[in-house]
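K.L.:
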Amino acid sequence: MPPLFEKRILCIGAGYVGGPTMAMIASRCPQYQVTLVDINHEKIAAWQTDELPIYEPGLLRLVQEARGRNLFFSTDIPACIREADIIFVSVNTPTKTFGEGAGKAADLQYWEKTARSILQASQHDKIIVEKSTLPVRTAKAMERILNQSGKKVRFEVLSNPEFLAEGTAVRDLENPDRVLIGSRETDSGLCARQQLVDIYANWVPREKILTSNVWSAELSKLAANAFLAQRISSINSISVLCEQTHADIVEVSRAIGMDRRIGSRFLDASVGFGGSCFKKDILNLVYICEHYGLSEIARYWQSVLLINEYQQNRFVKTMLHEMFNTVAGKRITLFGFAFKKDTGDTRESPGIWIARKLLAERAQVVVTDPQALDNARQELKDALDAVEFEPDPYRAARGAHAVAVITEWDLYRDLAWERVYDSMEKPAFVFDGRNILPHPRLYDIGFSVFPIGRPALRQF
Ligand code: UDX
Ligand code: UDX
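What the sequence shown shows, in this note's numbering, is residues 579 to 1038, in sequence order.
(1) What are the start and end residues of the alpha helix (DSSP H) that includes L797?
(2) Identify, in the order they occur along the chain, each residue of the same chain with its Cβ nearer than 8 Å to the Cβ of Q1037, setting aside the five sequence neighbours on each side.
(3) Please name the residue in E868, K704, T671, Y990 whose C-alpha comes closest to that of K691.
(4) Pull up the DSSP beta-bridge partners for L649, would you.
(5) What residues come near ligand 2, if near means a beta carbon less than 5 Å from any of its heavy atoms?
(6) Does the Cβ-Cβ distance between A592 and A644 come in under 7 Å?
(7) Tell me which residues share the same chain as F917 and place their Cβ nearer than 7 Å to its Cβ, disregarding the 5 neighbours each side in the sequence.
(8) For the alpha helix (DSSP H) that T774 lies in, which residues bound it at each end?
(9) Could you check which residue in P948, D1000, I910, D970 has the C-alpha nearest to that of W987?
(10) Helix, strand or coil: how does DSSP classify I759 here?
(11) Count the other CB atoms within 10 Å of the CB of L1015; is the residue buried (16 or more) or exposed (fewer)?
(12) Thinking F666 and C589 are a contact (beta carbons under 8 Å), I'd like their distance in whole angstroms, please.
(13) Would I723 and A693 qualify as a contact pair, given that the criterion is a beta-carbon distance under 7 Å?
(14) Give me the residue from D920, Q880, Q609 with the minimum Cα distance to G636.
(15) Grouping DSSP H, G and I as helix and E and B as strand, with all else coil, what is C589?
(16) K935 and V981 - do their beta-carbons sit closer together than 7 Å?
(17) Can you tell me whether M836 is buried or exposed? The criterion is at least 16 other CB atoms within 10 Å of its CB, across all chains shown.
(18) Quick one, which of V943, R940, F967 has its alpha-carbon nearest A950's?
(19) Using C-beta distances below 8 Å, list every residue in its chain close to K786, excluding the 5 sequence neighbours before and after it, in chain order.
(20) Opposite D1010 in the DSSP bridges: which residues?
(21) Give me the Cβ distance between A978 and R940, rounded to the nearest whole Å; I'm assuming they're in contact under 8 Å.
(22) Please determine whether the Cβ atom of V707 lies at a distance below 6 Å from any heavy atom of ligand 1.
(23) What does the alpha-carbon distance come out to for the pair I816 and E900?
(24) For L797, which option in N891, F913, P713, H1017 has the closest C-alpha, if you only look at C-alpha atoms?
(25) I'd like the span of the beta strand (DSSP E) that includes E966, first residue to last.
(26) Assign Q626 to one of three DSSP states: helix, strand, or coil.
(27) Indicate whether the contact test is met: 3 or more Cβ pairs, each with one atom in the region 779-795 and one in the region 651-670, closer than 8 Å.
(28) So the alpha helix (DSSP H) R1036 belongs to, where does it begin and stop?
(29) Considering only the alpha carbon of each residue, which of I810, K704, V882 lies closest to S766?
(30) Ligand 1 and S737: does any heavy atom of the ligand fall closer than 6 Å to the residue's C-beta?
(31) Is G922 near ligand 1, judged by its Cβ being under 6 Å from some heavy atom?
(32) Could you pull the DSSP bridge partners for Q942 from this structure?
(33) Using the C-alpha atoms, what's the distance from L742 back to D750?
(34) Taking only runs of the beta strand (DSSP E) that begin and end inside the region 852-931, which ones reach a length of at least 3 residues, in chain order?
(35) How about N1052: is its Cβ closer than 6 Å to a heavy atom in ligand 1?
(36) Where do the ends of the beta strand (DSSP E) carrying K704 lie?
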């Protein structure tokens, strides 16, 4: 009997990257068996229900379409490794918190442990695909671990960084700007590369599938994230100048973005960028530069992070300053806690830092968010007594002195702001960290409004 599936694909790490990516491959390629494994059993159980472990628009539909047909979830990692022909690895690679490189270098312990489990369980040759973002030259190290054990099994390690953004993961996977596949340029490397190209070619136009050497692929991911973050820090730095000079950052963004060499996307001034990638990847880049003695280059990229911290700090300082230099005992409501809209992810969200700063000023902090309250509770678990979590934005704002928009959820734009105003303490303040609210209308209602990089609308 011919085998049921043409290829057996495995992904180790069923998180924000592994989950959606495998769901897309399974959906577009019914001829392949796609299995996701994870050391976290609860996560694997959740993937098998309609309460997925992550919130991502369109993902449930994709998972439902393929689950049980050719998309499977398991916790038996060794058995799944044994069976697989191609193994994607998307386990987390957080910033190291200890020892050499603490606070900068990537912590590769999960990656290395995964490589060793692959080695231990494998009985035939396999292709290993780096999906996690890793420091340049990690593939080389992994290949040494995998291929120098004396075992008669050969591994080819490819780098296939994932460029999806959370909140738009399904759309990004369905129609990526590009897919990047790095391999060694040997016969076996090129053959493995072709096998991965063939998978993506099931739905991605061939001209969007780029191939390169492994190091270029690894570095391109770090560089792409650094460039994106740099744009945000650039526009945020100009927002500070706007506030001083009464220029308007929305008008400035529009004017510079219409230059096709600059482009209009990723020019929204904000309370600062968050997410699991930008900070970690820039720290990684800085660490690599320092490793090679390139201190000027390291400082250049480090400054992107410094501006981001400055912008978050500035937001709280403005709140304090405008609210008569004290927020002690005042109820302050954070609208949104996710690091961006359309996700429940709160990793590195500016909300964490802002909430903590306000708590240090002895404010009564209230957090509301349509998707991220569970994660918000986790992030603030040491301060649960001092923070209120309220899914309903109207109830959250009741009795507050100020509302601060942290996440650009559409629903905040469309609230009945008169009702919000009526229920708040007076004078009522709005600090719009995302510039999404109708500022003149809020001012007419009676709010004092403080946007980012735009003239403040004060009632007094
Ligand atoms: C991860 C990395 O953080 C990032 O560097 C990379 O770009 C892509 O992969 P993400 O999917 O957002 O990003 O991380 P997360 O949602 O935390 O998922 C990682 C999963 O790996 C977790 O579910 C974790 O339980 C799992 N894991 C971790 C393993 O299965 N085995 C391990 O040894 C470690
Ligand atoms: C990013 C990259 O975009 C993606 O390609 C990579 O694979 C992972 O890292 P992600 O972190 O999920 O994706 O979201 P992204 O849309 O890049 O937003 C990152 C942060 O920047 C968010 O906090 C967002 O609110 C902020 N941002 C984005 C701004 O402040 N202004 C902008 O104009 C754009």
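Built from N, CA and C at the ideal position, the CB exists for glycine as well.
Since the structure is predicted, the reported quantities are computational estimates derived from the model, not experimental observations.
P.N.:
A quick look at the data gives this:
(1) Within the sequence shown, the letter at position 219 stands for residue 797. Where L797 is concerned, the enclosing alpha helix (DSSP H) stretches over 792-823.
(2) Numbered from its first residue, the sequence shown carries residue 1037 at position 459. Around Q1037: P1005, Y1021, G1024, F1025, S1026.
(3) Against the sequence shown, residue 691 aligns to sequence position 113. Here the closest residue by C-alpha is T671.
(4) The residue given as residue 649 occupies position 71 in the sequence shown. L649 pairs with V612, R645.
(5) F741, A743, E744, I810, F844, D846, S848, F851, G852, G853, C855, F917, K918
(6) By one-based count along the sequence shown, residue 592 stands at place 14. By one-based count along the sequence shown, residue 644 stands at place 66. Cβ distance not < 7 Å, so A592 and A644 don't count as in contact.
(7) Walking along the sequence shown from the start, residue 917 turns up at place 339. Cβ within range, chain order: G852, G853, D923, T924, R925, E926, S927.
(8) By 1-based counting over the sequence shown, the position of residue 774 is 196. Here residue 774 turns out to be Leu, not Thr, going by the sequence shown. Segment 765-778, the alpha helix (DSSP H) holding L774.
(9) Your numbering for residue 987 matches position 409 in the sequence shown. The shortest Cα separation from W987 among P948, D1000, I910, D970 belongs to P948.
(10) Within the sequence shown, residue 759 is the residue found at index 181, counting from 1. Looking at I759 - three-state DSSP - the assignment turns out to be strand.
(11) Residue mapping note: residue 1015 aligns to position 437 of the sequence shown, counting from 1. L1015 should be labelled buried.
(12) By one-based count along the sequence shown, residue 666 stands at place 88. By one-based count along the sequence shown, residue 589 stands at place 11. Yes, F666 and C589 are in contact; Cβ-Cβ is about 4 Å, under 8 Å.
(13) Here residue 723 corresponds to residue number 145 of the sequence shown, with the count starting at 1. Here residue 693 corresponds to residue number 115 of the sequence shown, with the count starting at 1. In this structure, A693 lies closer than 7 Å to I723 by Cβ.
(14) Counting from 1 along the sequence shown, the entry for residue 636 is found at position 58. For G636, the nearest C-alpha among the options comes from D920.
(15) If you number the sequence shown from 1, residue 589 lands on position 11. Strand, per DSSP.
(16) Counting from one through the sequence shown, the residue named residue 981 turns up at place 403. Counting from one through the sequence shown, the residue named residue 935 turns up at place 357. Contact flag unset, no.
(17) In the sequence shown, residue 836 corresponds to position 258, counting from 1. Exposed, since its Cβ has fewer than 16 Cβ neighbours within 10 Å.
(18) Counting from one through the sequence shown, the residue named residue 950 turns up at place 372. Selected option, being the one with the closest Cα: F967.
(19) The residue labelled residue 786 in the question sits at position 208 within the sequence shown. Contacts found: P754, D755, R756, V757.
(20) Your numbering for residue 1010 matches position 432 in the sequence shown. The partner list for D1010 (beta bridge, DSSP) reads V983.
(21) Start at 1 with the first residue of the sequence shown, and residue 978 comes out as number 400. Start at 1 with the first residue of the sequence shown, and residue 940 comes out as number 362. The Cβ separation is near 15 Å, so there is no contact.
(22) Along the sequence shown, one-based indexing puts residue 707 at 129. Answer for V707: no, Cβ out of range of ligand 1.
(23) Numbered from 1 along the sequence shown, position 238 holds the residue referred to as residue 816. Numbered from 1 along the sequence shown, position 322 holds the residue referred to as residue 900. I816 and E900: Cα-Cα distance of roughly 21 Å.
(24) The residue labelled residue 797 in the question sits at position 219 within the sequence shown. Comparing Cα positions, the closest option is P713.
(25) For this step, residue 966 is matched to residue 388 along the sequence shown. That run of the beta strand (DSSP E) goes 965-967.
(26) Sequence index remark: in the sequence shown, residue 626 carries index 48 (1-based). Residue state, collapsed to three classes: coil.
(27) no
(28) In the sequence shown, counting from the first residue as 1, residue 1036 sits at position 458. No alpha helix (DSSP H) contains R1036, which DSSP labels as neither H nor E.
(29) Position 188 of the sequence shown, counting from 1, holds the residue named residue 766. Comparing Cα-Cα distances from S766 to each of I810, K704, V882, the minimum goes to K704.
(30) Here residue 737 corresponds to residue number 159 of the sequence shown, with the count starting at 1. It does not: the Cβ of S737 is nowhere closer than 6 Å to a heavy atom of ligand 1.
(31) By one-based count along the sequence shown, residue 922 stands at place 344. G922 Cβ: outside cutoff for every heavy atom of ligand 1.
(32) Translated into positions along the sequence shown, residue 942 becomes position 364. DSSP lists R909 as partners of Q942.
(33) As a position in the sequence shown, residue 750 is number 172, starting the count at 1. As a position in the sequence shown, residue 742 is number 164, starting the count at 1. Straight-line Cα distance between these residues: approximately 5 Å.
(34) 909-913
(35) There is no way to answer for residue 1052, as the model of the chain reaches only from 579 to 1038.
(36) The count along the sequence shown starts at 1 and reaches residue 704 at position 126. Segment 704-708, the beta strand (DSSP E) holding K704.
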